[in-house]
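Only one structure is covered here, and it is reproduced in the block below.
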Amino acid sequence: MSQSLFGIHAAALELRSQRMGMIAGNIANAATPGYRAKDIDFRAALAASQKNGSGDADGAAKGATLYRVPVMPSMDGNTVELQNEQIAFSENAVGYSTTLEFIRGRVETLTRAMRGE
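Residue numbers (my numbering): 5 to 121.
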């Protein structure tokens, strides 16, 4: 029901949430030797979640998860570049807030319609 009610925004919010967790994990492991930074290709995951009409964000996120290729590899094999992760986190947070606002607006519109306003 949420797929038809909120359209693409429901899957987008789920994917942005998963991506935020993944980026936060990268930041938390910035000093862990051998840790390989991961990210979700948001566009590919969103397209995959919409492809079959099911809105399966979990499966789409798994299929669109990639390892980051560092610009400057570290000696201990860690591929986290903290400044890039912080930028990605900030950009994703803005996208998350925007998607949440779209959903909030839709809920308000539906609420007004049910009240007859």
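The C-beta atom is built at its ideal place from N, Cα and C for all residues, glycine as well.
*Between Glu112, Leu19, Arg23 and Ala35, which lies nearest to Asn82 when the distance is taken from Cα to Cα?*
Of the listed residues, the one whose Cα sits closest to Asn82 is Ala35.
*Skipping 5 residues on each side, what residues in its chain have a beta carbon closer than 6 angstroms to that of Ile107?*
Hits under 6 angstroms: Phe10 and His13.
*Nearest CA to the CA of Tyr71: which residue from Ile27, Met118 and Ala117?*
The option with the nearest alpha carbon to Tyr71 is Ile27.
*Report the partner residues of Tyr71 according to the DSSP bridge assignment.*
Looking at the DSSP assignment, Tyr71 forms a beta bridge with Lys42.
*Any idea if Gln90 is buried or exposed, counting beta-carbon neighbours within 10 angstroms, 16 or more meaning buried?*
By the neighbour-count criterion, in which a residue is buried when 16 or more other Cβ atoms sit within 10 angstroms of its Cβ, Gln90 is exposed.
*Buried or exposed: which applies to Thr102, given that a residue is buried once 16 or more other Cβ atoms fall within 10 Å of its Cβ?*
By the neighbour-count definition (other C-beta atoms within 10 Å, threshold 16), Thr102 is an exposed residue.
_Starting from Gly99, trace the alpha helix (DSSP H) in both directions and tell me its first and last residue._
Per DSSP, Gly99 is one residue of the alpha helix (DSSP H) stretching across Leu86 to Arg119.
*Considering only residues of the same chain and omitting the five flanking positions on each side of Ala64, which have a CB-CB separation below 6 angstroms?*
Excluding positions up to five away in sequence, the list reads Ala49, Ala52 and Ser53.
*Under the assumption that Arg20 contacts Gly99 (Cβ atoms under 8 angstroms), give the Cβ distance between them as a whole number of angstroms.*
Sure, about 6 angstroms apart at Cβ, within 8 angstroms.
*asked:* Tell me the DSSP secondary structure of Gly11 in three-state form.
replied: If DSSP states are grouped into helix, strand and coil, Gly11 belongs with coil.
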